[in-house]
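Scroll down for the structure; my scribbles are underneath it.
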Amino acid sequence: MAEKSKLLVLRFFWLCLFGLFAQQIQAQEIEARAYSNAPINMNFLTGGIAQAKSGAYTITTEAASLTHVLDVFGQSGRLTLVVPFAQLSGTGSVGGQAINASAEGLSDPMIKASVNLYGAPALSIEQFKGYEQDLIIGASLAATIPWGQYNNSQLVNVGANRSVIQPGFGASKAVGPWRLELAGMASIYTSNTSFLGSNTLTQNPIYSAETHVIYYFPNTAWISADATYFTGGQTYVNGMAAGGTQENWRFGTTLSYPIDKQNSIRLTGSTGIYSRTNTDYNAVGISWQYRWGGWP
């Protein structure tokens, strides 16, 4: 009976931290302007830091990303690589048992390919000056690479020892200085066969839908109000259910402000307003973006 209780404690604690970790590191965060147009051969280099807190636990992530805009059969597309480094810490109590969380290291990198299927023609930087958005429809496919630091003898890690594959689809509609966006995504998980030793952790897909209302200022700064909904993601250990289906509602905001023609700063914040499985967290972040290229 004691061993069974211990396993239940571990399952519950894992679900809480996994929900926090997966949404923060595996791109389940709210992302405005996922489907937009930019001149082909433009490059974006971004570096930033974000922190998320859930109860007594905190995860801090520093990340660098590189995006290249390219021509995909006459429409613009993007290739993005994200490399994160994370620190997880906190001390809490679950079922009367003290749980200490401490992990630091490289998290799982992510590679993402997206293509605009309609409304975002591939344009040079000179041609782009005359472009005005109407309706954009696009699709994307992202995947994490399980290169992050992972120790199968501890419960909490900054690497997941498995991949997450994320197909997505979305649309963006321009109405004067406003952009109205709607997107959906599925997160499909491979198995971790080294969970707490030689156990096998599996998880059902998480399905998400998000919407954004964005306003552009005359100086190209923009601000958005964001909302997202997640459902699914029940986990299993060796085929036995380790928790219920997740269901989460989150709201957030993003502000992007240009420093000059090549540099901009971005501030983000989001909070959970409902969570069926107690995986709520509050998150804030700041990043700096440098762009160059756009040659013919």
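Letter by letter, the sequence shown follows residues -27 to -1, 1 to 269 of mature numbering (1 follows the signal peptide of the UniProt record, and there is no 0).
Heads up, the beta-carbon is just placed ideally off N, CA and C, and yes, glycines get one too.
Burial state of S197, where buried means 16 or more other Cβ atoms lie within 10 Å: Label assigned to S197: buried.
For Q100, three-class secondary structure by DSSP: In the three-state DSSP reduction, Q100 falls in the helix class (H, G or I).
Backbone CA spacing between F224 and T201 [nearest angstrom]: Cα-Cα distance, rounded: 7 Å.
Own chain, CB closer than 7 Å to D107, minus 5 neighbours either side, in chain order: Correct list, in chain order: G92, A147.
Residue of E77, T193, L169, L43 minimising C-alpha distance to N236: When E77, T193, L169, L43 are compared, the shortest CA-CA separation from N236 is found for T193.
Nearest to G111 (by Cα), restricted to the options V129, G205, A86: With respect to the C-alpha of G111, the residue from V129, G205, A86 having the closest C-alpha is A86.
Assumed close pair S80, G20 - CB separation to whole angstroms, cut-off 8 Å: Between G20 and S80 the Cβ distance is about 15 Å, and since that is not below 8 Å, they are no contact.
Enclosing beta strand (DSSP E) for W151 [first to last residue]: Judged by DSSP secondary structure, W151 falls within the beta strand (DSSP E) whose first and last residues are 151 to 162.
Inter-residue CB distance, P178 and S164 (contact presumed, cutoff 8 Å): Not a contact, Cβ separation roughly 13 Å.
C-beta contact flag for Q115 and A7 at 8 Å: For the record, residue 115 in the displayed sequence is Ala; it is not Gln. Judged by beta-carbon spacing, A7 lies beyond the 8 Å limit of A115, meaning their Cβ atoms are not closer than that value.
Residue of A256, F17, R135, S126 minimising C-alpha distance to Y30: With distances taken between Cα atoms, Y30 lies closest to A256.
Start-to-end residues for the beta strand (DSSP E) that takes in Q262: Element bounds for Q262: 255 to 266.
Neighbourhood of T166 by C-beta distance below 6 Å, restricted to the same chain and skipping five residues each side: If we look at T166 and ignore the five residues flanking it on each side, its Cβ neighbours are T173.
Beta-carbon gap between P82 and L54 smaller than 8 Å: Yes, the pair counts as a contact, with Cβ atoms nearer than the cut-off.
Residues that D44 bridges to, as DSSP identifies them: Per the DSSP secondary-structure output, D44 pairs in a beta bridge with S49.
Where D199 falls: helix, strand or coil (DSSP): Strand.
CB-CB length for T241 against Q219, believed under 8 Å: Contact between T241 and Q219 does not hold, since their C-beta atoms are separated by about 22 Å, which reaches or exceeds 8 Å.
Candidates Q127, V137, E77, G143, of which the one nearest V88 by Cα: Of the candidates Q127, V137, E77, G143, the one whose C-alpha sits nearest the C-alpha of V88 is G143.
Distance cut-off 7 Å: V129 Cβ against heavy atoms of the ligand HEM: With respect to the ligand HEM, the structure offers nothing, as it holds no ligand at all.
Enclosing beta strand (DSSP E) for Y123 [first to last residue]: That residue, Y123, is in no beta strand (DSSP E); it is neither H nor E in DSSP.
Nearest-angstrom Cα separation, counted from G170 out to N10: Across the structure, N10 and G170 are spaced so that their CA atoms are roughly 46 Å apart.
Buried or exposed (CB count within 10 angstroms, at least 16 for buried), D233: Counting other Cβ atoms within 10 Å of its Cβ, D233 stays below 16 and is therefore classed as exposed.
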